[in-house]
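Asks:
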Amino acid sequence: MKSIRQELSFKTPSRRDYINITSQVEEVLQKSGIQEGLCLVNPMHITASVYINDDESGLIQDYDDFLEKLAPHEPVSQYRHNNTGEDNGDAHIKRQIMGREVVVAVTEGKLDFGTWEQIFYAEFDGRRKKRVLVKIIGE
Amino acid sequence: MKSIRQELSFKTPSRRDYINITSQVEEVLQKSGIQEGLCLVNPMHITASVYINDDESGLIQDYDDFLEKLAPHEPVSQYRHNNTGEDNGDAHIKRQIMGREVVVAVTEGKLDFGTWEQIFYAEFDGRRKKRVLVKIIGE
Amino acid sequence: MKSIRQELSFKTPSRRDYINITSQVEEVLQKSGIQEGLCLVNPMHITASVYINDDESGLIQDYDDFLEKLAPHEPVSQYRHNNTGEDNGDAHIKRQIMGREVVVAVTEGKLDFGTWEQIFYAEFDGRRKKRVLVKIIGE
Numbered sequence: 001m002k003s004i005r006q007e008l009s010f011k012t013p014s015r016r017d018y019i020n021i022t023s024q025v026e027e028v029l030q031k032s033g034i035q036e037g038l039c040l041v042n043p044m045h046i047t048a049s050v051y052i053n054d055d056e057s058g059l060i061q062d063y064d065d066f067l068e069k070l071a072p073h074e075p076v077s078q079y080r081h082n083n084t085g086e087d088n089g090d091a092h093i094k095r096q097i098m099g100r101e102v103v104v105a106v107t108e109g110k111l112d113f114g115t116w117e118q119i120f121y122a123e124f125d126g127r128r129k130k131r132v133l134v135k136i137i138g139e
Numbered sequence: 001m002k003s004i005r006q007e008l009s010f011k012t013p014s015r016r017d018y019i020n021i022t023s024q025v026e027e028v029l030q031k032s033g034i035q036e037g038l039c040l041v042n043p044m045h046i047t048a049s050v051y052i053n054d055d056e057s058g059l060i061q062d063y064d065d066f067l068e069k070l071a072p073h074e075p076v077s078q079y080r081h082n083n084t085g086e087d088n089g090d091a092h093i094k095r096q097i098m099g100r101e102v103v104v105a106v107t108e109g110k111l112d113f114g115t116w117e118q119i120f121y122a123e124f125d126g127r128r129k130k131r132v133l134v135k136i137i138g139e
Numbered sequence: 001m002k003s004i005r006q007e008l009s010f011k012t013p014s015r016r017d018y019i020n021i022t023s024q025v026e027e028v029l030q031k032s033g034i035q036e037g038l039c040l041v042n043p044m045h046i047t048a049s050v051y052i053n054d055d056e057s058g059l060i061q062d063y064d065d066f067l068e069k070l071a072p073h074e075p076v077s078q079y080r081h082n083n084t085g086e087d088n089g090d091a092h093i094k095r096q097i098m099g100r101e102v103v104v105a106v107t108e109g110k111l112d113f114g115t116w117e118q119i120f121y122a123e124f125d126g127r128r129k130k131r132v133l134v135k136i137i138g139e
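Protein sequences appear in the order of chains A, B and C. Note that our numbering gives residue 40 to position 40 of the first sequence, counting from 1, and the numbers run on in steps of one. Note that our numbering gives residue 135 to position 135 of the second sequence, counting from 1, and the numbers run on in steps of one. Note that our numbering gives residue 84 to position 84 of the third sequence, counting from 1, and the numbers run on in steps of one.
1) If you measure from the beta carbon of A:Asn-140 to each beta carbon in chain C, is any gap under 8 Å?
2) Select from the segment 98–112 of chain C all residues with a C-beta closer than 8 Å to any C-beta belonging to chain B, and list them in chain order.
3) In whole angstroms, what separates the C-alpha of B:Lys-69 from that of A:Met-98?
4) Give the straight-line distance between the Cα atoms of C:Leu-8 and C:Met-44, rounded to the nearest whole angstrom.
5) List the endpoints of the continuous beta strand (DSSP E) containing A:Arg-131.
6) For A:Ile-93, decide whether its Cβ has a neighbour in chain C, counting only Cβ atoms nearer than 8 Å.
7) Would you mind working out which of C:Val-103, C:Pro-13, C:Gln-30 and C:Glu-108 sits nearest C:Val-50, comparing C-alpha positions?
8) Quick one: grab the DSSP three-state call for B:Tyr-63.
9) Taking 6 Å as the limit between beta carbons, can you name the residues of its chain near B:Asp-17, skipping five residues before and five after?
10) Using a Cβ cut-off of 8 Å (strictly closer), state whether A:Tyr-63 contacts chain C.
11) Taking C-beta pairs closer than 7 Å, name the residues in chain B that C:Val-79 reaches, listed in chain order.
12) Starting from C:Asp-90, trace the alpha helix (DSSP H) in both directions and tell me its first and last residue.
13) Where DSSP assigns a beta bridge to B:Pro-75, which residues make up the other side?
14) For A:Arg-128, count neighbouring C-beta atoms within 10 Å of its own C-beta (all shown protein chains included) and say buried if the count is 16 or more, exposed if not.
15) Pull up the distance between the alpha-carbon of A:Asp-90 and that of B:Asp-90, whole angstroms please.
16) Where do the N-terminal and C-terminal ends of the alpha helix (DSSP H) with C:Ser-23 fall, by residue?
17) Would you call the segment 108–123 of chain C and the segment 74–85 of chain B in contact, with 3 or more CB pairs under 8 Å?
18) Tell me B:Gly-37's beta-bridge partners as DSSP assigns them.
19) Which residues in chain C have a C-beta closer than 9 Å to the C-beta of B:Gly-89? List them in chain order.
20) Does any residue of chain A have a CB that is nearer than 8 Å to the CB of C:Gly-126?
21) Apply the 10 Å Cβ neighbour rule to A:Asn-42 and answer buried if 16 or more other Cβ atoms are within range, or exposed otherwise.
22) Answer yes or no: does any C-beta atom of chain B fall closer than 8 Å to that of C:Gln-24?
23) How would you call B:Gln-30, buried or exposed, if buried means at least 16 neighbouring beta carbons within 10 angstroms?
24) Measuring CA to CA, which of C:Ala-48, C:Gln-6 and C:Ile-60 is closest to C:Leu-40?
25) Whose C-beta lies closer than 8 Å to the C-beta of B:Arg-100 among residues of the same chain, with five residues either side of it excluded?
26) I need the straight-line Cα distance from B:Glu-108 to A:Glu-56, nearest angstrom please.
27) Among A:Ile-119, A:Asp-62 and A:Ala-71, which has the Cα closest to the Cα of C:Tyr-63?
28) Our contact map puts B:Leu-134 next to B:Ile-34 with C-beta atoms below 8 Å; I'd like the distance itself, whole angstroms only.
29) State yes or no: is the C-beta of B:Phe-120 within less than 8 Å of the C-beta of C:Ile-93?
30) In three-state terms, what does DSSP make of B:Lys-69?
31) Note down the Cα distance separating C:Glu-36 from C:Gln-78, rounded to an integer number of angstroms.
32) List, in chain order, every chain A residue whose beta-carbon is nearer than 7 Å to that of C:Ile-46.
33) Tell me the DSSP secondary structure of A:Arg-80 in three-state form.
34) On the DSSP letters alone, give me the boundaries of the beta strand (DSSP E) that C:Phe-120 sits inside.
35) Within its chain, find whatever has a CB closer than 6 Å to the CB of B:Arg-131; leave out the 5 residues flanking it on each side and keep chain order.
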């Protein structure tokens, strides 16, 4: 069995952002030489998500609107978590709705994707350095 | 390490549908001969989910009601994504709520499930051919 | 390839509860001797979630409030699933929102986590014995 582990890092200029990281994950896979296996991609933080969907700007705005409607950032006092001095209570909820991680099949040395599948890093509490973990196992 | 990759395909007659695919995934596992490992099942499309829950018709209707309340199909103009000419903005959101994929343990050649766990394909933008990927690795 | 399978079990005194199970999963990993691989943790039941987030009591209360607002337990008659004689229709929905399982990278014999990542078992229909499956593959 082969395996590879690599971190990607991000510091978004705004509180929330959605970044297509597919090509960065593909680079890790190329480097590993793994032909058949499973690829896990997850944030190493708890106020961000990695998810798979379409790279279409209207859709990304729809996601942001939907999440902000379900778990609005303000008033920050509505979240007990913010009594700790944080203001990211909403970000912890948004992350659960969008999910933590993705697992992608690796087949013949490639991410085994349908036509429109793209991997995104969704940041809900940005403006600080965050890490994403890519771990691939296989042979 | 052994691995297998197989596609299932579906074309649902209605926009939304929920199909129990457990036995089809079990067939792929049998064919693979894998005894211990992990089994990934995911749609290759971005307006559908694979999830695990009970095969009970009332529950499925509860899910459908819940999703339609949170992200209604109409009016289609409420989603920016639909400005591209699509009418499936809601389906992209429903898919995120229900999740993309499942990962199931394989133990002694079987899907390692509790009593009520069943794998479902949830279609949110049907009436066209869609594919589901089953990838199993192990030995 | 090595693998290990172990069940954890829980019986919570209240209907809903959130239990940090990180150290129990770490024990299974230690026992396995696996250095590089993937670790799957999932409930074997369909009214519970395994998720990763912060171990902070205010946040856990925020999650519980959020879930109860989106899919309230009462009136139980609002869920068709409860026509079967159950009263856990809400629990099936809460579980989908929080997700079923987590997959965690194993690196150098440890769960490859960021600073605040902790694994939780979220029970939405407690007061009976429930099982959580830990399956790790790797070498």
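Note that CB positions come from ideal geometry on N, CA and C, so glycine has one too.
Replies: Checking against the coordinates, here is how it stands:
1) Chain A is shown only over 1 to 139; residue 140 of chain A falls outside these bounds and no answer can be derived.
2) From the segment 98–112 of chain C, only Gly-99, Arg-100, Glu-101 and Val-103 have a Cβ closer than 8 Å to chain B.
3) 18 Å
4) CA-to-CA, the gap between C:Leu-8 and C:Met-44 works out to about 10 Å.
5) 130–138
6) Yes - at least one Cβ of chain C is within 8 Å of the one on A:Ile-93.
7) The shortest C-alpha separation from C:Val-50 is found at C:Val-103.
8) helix
9) Glu-123 and Gly-126
10) no
11) Residue 79 of chain C is actually Tyr in this sequence, not Val. Asp-62, listed in chain order.
12) 89–98
13) Beta-bridge pairing links B:Pro-75 to no other residue.
14) exposed
15) 22 Å
16) 22–32
17) no
18) B:Val-106 and B:Gly-138
19) Result: empty, since nearest Cβ-Cβ is about 20 Å, beyond 9 Å.
20) no
21) buried
22) no
23) exposed
24) If you compare the alpha carbons of C:Ala-48, C:Gln-6 and C:Ile-60 with that of C:Leu-40, the shortest gap goes to C:Gln-6.
25) Apart from the 5 residues on each side of it in sequence, B:Arg-100 sits with its Cβ closer than 8 Å to the Cβ of Asn-42, Pro-43, Ser-49 and Val-50 in its chain, given in chain order.
26) 43 Å
27) A:Ala-71
28) One point to set straight first is that residue 134 of chain B is Val, not Leu, in the sequence displayed. Contact doesn't hold; Cβ gap of about 12 Å is too wide.
29) no
30) It is helical.
31) 47 Å
32) One finds nothing in chain A with a Cβ atom closer than 7 Å to the Cβ of C:Ile-46; even the nearest lies about 18 Å away.
33) Reduced to three states, the DSSP call for A:Arg-80 is helix.
34) 118–123
35) Glu-7, Ser-9 and Met-44
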